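One line per chain: the protein sequences are A and B, in this order. Per this note's numbering, residue 1 is the first one in the first sequence, and the count goes up by one each step. Per this note's numbering, residue 1001 is the first one in the second sequence, and the count goes up by one each step. Built from N, CA and C at the ideal position, the CB exists for glycine as well. Since this is a predicted model, take the numbers as computed values, not measurements.
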Amino acid sequence: MIINHPLLGPRDSAEFVYLGDASLIERPDPAAETALADFVDYAYMRENPAGSLRELWFHEAGDRSWLVVTRNTMTHEISDVQMARDVARKIGCSK
Amino acid sequence: MHDLTPITALGSDEARVDTIGNLTCREVPEVALAAVSARMGKESQTRTAIKKLIKADASDVNRFDGGTVSAFWSGPEQWMLEAPFDSHEDLAARAKVTLKANATVVEQTDAWTRFDVIGDDVLDAMELLCNANTRSMLAGACTRSSIHHLGCFILCRNTNKFSIYGPRASAGSLHHAILTALQTIT
Chain A
1 MIINHPLLGP
11 RDSAEFVYLG
21 DASLIERPDP
31 AAETALADFV
41 DYAYMRENPA
51 GSLRELWFHE
61 AGDRSWLVVT
71 RNTMTHEISD
81 VQMARDVARK
91 IGCSK
Chain B
1001 MHDLTPITAL
1011 GSDEARVDTI
1021 GNLTCREVPE
1031 VALAAVSARM
1041 GKESQTRTAI
1051 KKLIKADASD
1061 VNRFDGGTVS
1071 AFWSGPEQWM
1081 LEAPFDSHED
1091 LAARAKVTLK
1101 ANATVVEQTD
1111 AWTRFDVIGD
1121 DVLDAMELLC
1131 NANTRSMLAG
1141 ACTRSSIHHL
1151 GCFILCRNTN
1161 KFSIYGPRAS
1171 AGSLHHAILT
1181 ALQTIT
């Protein structure tokens, strides 16, 4: 499987480490009244779709950047790759 | 008074040189290194300071630039400064003076070991060593890839000479991998 890194171009997926669902970027607010329930959902509840899934991949053997990869879990087709920091900043989840 | 003898990453008091066929693998211990990471919102100030340090524009993705002090791109808004050890033993401290609070500077001298692989068939060796597309690399290109399961920086000095930076603690393994590749193609 080849991941088309936004900065480095096509790279072998063997260079990457898989973390999982990209919703991990959207960490709940620990100060919210519903924090306990929010964190239970955040930590344990995952969609497991047979189809398109946004995932976090770490370029361990490359530039050590985190990517958000949109991959079809049925076909392994990758339809989109973005820098995770750009995704996080866009939704205000980056300090 | 202590009577200590400095040793290279491979444990000798002299840099190791191996010549196999028309290829040479040379251990290069006399390098000072410092990692620079721009702090958030200070990216342009960091680039300006790096320009001052290396007397060239801060290297773009997968490039290295500079003179006596050079910098290679190591990640988004991150660079590794490289300079001769004899004249720049305090490279990180000097860089911090220029970069101020715009970037984090971390001393990396002796965290890495460098091997230069030199010769006409160097691309054949590089192709066996890693899955980076070294055949497309020209002078001034660099990348990070795995060699022998070790995360390494690969710099193309010219198409006959590559520098490989790997973790110093695994210098023996990296050296073994390089020699194995050289022996395989000769």
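C-beta neighbour in chain B for A/A61, strict 7 Å: yes
Whole-Å CB distance - B/L1179 paired with B/C1025, under 8 Å assumed: 6 Å
Between the CA atoms of A/A37 and A/P30 - distance to the nearest angstrom: 10 Å
In chain order, each alpha helix (DSSP H) run of at least 4 residues that lies wholly inside the segment 14-93 of chain A: 35-44, 84-90
Any chain B beta carbon closer than 7 Å to A/R98: Chain A is shown only over 1 to 95; residue 98 of chain A falls outside these bounds and no answer can be derived.
Under 9 Å from the C-beta of B/V1061: neighbouring residues of chain A: L7, L8, D63
Proximal residues to B/E1014 (C-beta, below 6 Å), its chain only, five neighbours per side dropped: none
CB contact below 7 Å: A/A12 versus chain B: Residue identity differs from the one stated: residue 12 of chain A is Asp in this sequence, not Ala. So, interface residue.
Pairwise C-alpha distance: B/Y1165 and B/I1004: Looking at the sequence provided, one finds Leu at residue 1004 of chain B rather than Ile. Spanning the two alpha carbons is a distance of roughly 26 Å.
Straight-line gap, B/L1023 to A/E60 (C-alpha atoms, nearest Å): 30 Å
Separation of A/D80 from B/W1073, as counted between CA atoms: 24 Å
Residues in the segment 21-44 of chain A having any Cβ partner in chain B nearer than 8 Å: none
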